[in-house]
Structure formats: structure tokens, C-alpha cells
Amino acid sequence: MEYLFGLVSRLGHWGYVIIFVAAALECAAFAGLVVPGESLVLASGFLAHVGLLNLDAVIAAAAGGAIVGDNIGYRLGERLGRPWLLRYGPRLGLTPEDLAKAEGFFARHGPKAVLLGRFVGFARALVPFVAGATRMPYRRFLVYNAAGAVPWTVCFVLLGYSLGASWRMAETWIGHTSTIVVGATILVVALVWLWRRRARR
């Protein structure tokens with residue numbers, strides 16, 4: 000992260016390209032699990048704060064990268080996801096029936112998942128892949144993806160801009176919050192699964 004931060008601050012206008020690429024990778028399927036795009040978006044707000052980058056251009060680059068990355072994830076899911084899930088899913092306990100249910104879920108609640116998944120850690124990199132794998136209509140995906148990507152970008156860039164040198168505090172706080180949200184979600188899903196299992200008995 001420090002290397003990327005220093006690179007952006009030294010390269011001037013090319014820094015916008017780095018922000019675009021980092022945001023795209025952070026949102027692309029699986030790559031987003033290891034690329035610190037969220038941190039870089041925060042840091043880019045700080046770079047705009049100290050005058051090294053233009054605030055409007057930073058927001059445009061980060062938002063564009065986020066949308067492109069999500070579209071890459073969607074296309075990968077669309078072309079590779081379903082066959083891969085059908086082939087390897089049973090080894091992970093995912094049956095064709097489970098996949099059919101997932102497709103039904105995205106048909107009913109896909110827009111909410113795409114919109115809200117943008118704000119939850121690792122889900123940001125996986126939801127587009129699942130949306131593509133379950134054949135969520137592309138136009139619907141694109142609309143809700145953009146509706147989530149733009150405010151997400153604006154919030155994080157302006158947060159880094161407003162906090163200035165204290166942007167690292169926000170990074171730590173957001174990381175803890177995402178962990179709590181993910182943990183709570185997993186707990187709720189587990190409880191619902193146990194309740195349904197008992198009901199079947």
C-alpha cells in the first residue's frame with residue numbers, strides 16, 4: 000500500500016490511471032480479495048486534499064474503475080461461472096438445486112445484492128461474479144452497479160479528502176466495521192439454515 004501511495008504521488012497525471020486500475024482490480028472477481036483498492040481510494044482523497052491530484056478527476060477515475068471492474072467480474076461469471084459451479088460446486092456442497100435457488104434469489108433480490116454488496120468488504124469482488132453466473136440481466140446489473148459504485152466512490156474519496164492525513168484512521172475503522180457486518184451476516188445465514196433444517200425434521 001505504501002508503495003502504491005508513493006507511486007501515485009510521484010507520477011502526477013498518471014496517478015489517475017493508477018487509481019482507475021486499482022479500483023477496477025479491487026472490484027474484479029477474486030482479484031479484489033487481495034488488491035487494496037478501497038485503501039487507495041481513501042488515499043487518493045488525501046492526495047487531492049494536499050493538492051497533488053484534482054478532486055473531480057479522482058472521483059471520476061475511481062468510479063470508472065469500479066464500474067469497469069464490476070463488469071469484468073460479471074462477464075467472468077457469465078461465461079465461466081455457471082459451468083464452473085456446476086462442475087466443482089458439488090465438491091463444495093453446492094448442488095444443481097442450490098444453484099437454481101441462487102438464480103431464483105438473484106431474480107428476486109439481485110438488484111439489492113448488487114447495490115448493497117458494494118459497501119461490504121469481500122462481497123464487492125464476488126457479487127458481480129455471482130450475478131453473471133446466475134444470469135442476472137446485464138442491463139439491470141449495470142444500472143444497479145453504477146448506482147452503487149458512484150456514491151461508494153464519492154463517499155470514500157471525500158472521506159479521505161476531509162480527514163486529510165488522518166485517512167488511515169478511517170481505513171482501520173472501515174475495516175473493523177466491514178468485519179462486523181460480514182460476521183453478523185454469516186451468523187444470520189447460519190441461524191436461518193439451522194432453523195430450516197430443524198423444520199424439515
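In this text, residue positions in the sequence shown follow numbering that gives the first Met the number 0: the first is 0, and each later residue adds one.
All residues carry an ideal CB built from backbone N, CA and C; glycine is no exception.
Keep in mind it's a predicted model, so treat the numbers as computed, not measured.
For residue i, the nearest candidate out of the options (CA to CA)
| i | options | result |
| --- | --- | --- |
| residue 67 | 80, 81, 21 and 41 | 21 |
| residue 131 | 63, 108 and 70 | 70 |
| residue 24 | 142, 60, 48 and 103 | 60 |
| residue 158 | 12, 13, 129 and 41 | 41 |
| residue 125 | 137, 106, 76 and 38 | 76 |
| residue 13 | 87, 53 and 139 | 53 |
| residue 78 | 123, 133 and 110 | 133 |
| residue 110 | 142, 84, 80 and 86 | 142 |
| residue 147 | 123, 95 and 81 | 123 |
| residue 129 | 48, 50, 83 and 150 | 83 |
| residue 136 | 94, 87, 74 and 154 | 74 |
| residue 38 | 18, 48, 55 and 51 | 18 |
| residue 106 | 140, 96, 154 and 85 | 140 |
Exposure of residue i, with buried meaning 16 or more beta-carbon neighbours within 10 Å
| i | result |
| --- | --- |
| residue 161 | exposed |
| residue 16 | exposed |
| residue 99 | exposed |
| residue 65 | buried |
| residue 90 | exposed |
| residue 112 | buried |
| residue 104 | exposed |
| residue 108 | exposed |
| residue 94 | exposed |
| residue 47 | buried |
| residue 156 | buried |
| residue 229 | Nothing about residue 229 can be read from this structure; the chain reaches only from 0 to 200. |
| residue 185 | Because the pLDDT at residue 185 is just 47, under 50, the model does not fix this residue reliably, and the value given afterwards should be weighed accordingly. It counts as exposed. |
| residue 176 | Only weak support exists for where residue 176 lies, its pLDDT of 41 falling under 50; the coordinates are left without a value. |
Coil, strand or helix - residue i by DSSP
| i | result |
| --- | --- |
| residue 51 | coil |
| residue 12 | coil |
| residue 172 | Because the pLDDT at residue 172 is just 44, under 50, the model does not fix this residue reliably, and the value given afterwards should be weighed accordingly. Residue 172: helix per DSSP, three-state reduction. |
| residue 152 | helix |
| residue 134 | coil |
| residue 113 | helix |
| residue 105 | helix |
| residue 119 | coil |
Are three or more beta carbon pairs between the segment 103-118 and the segment 47-61 nearer than 8 Å? no
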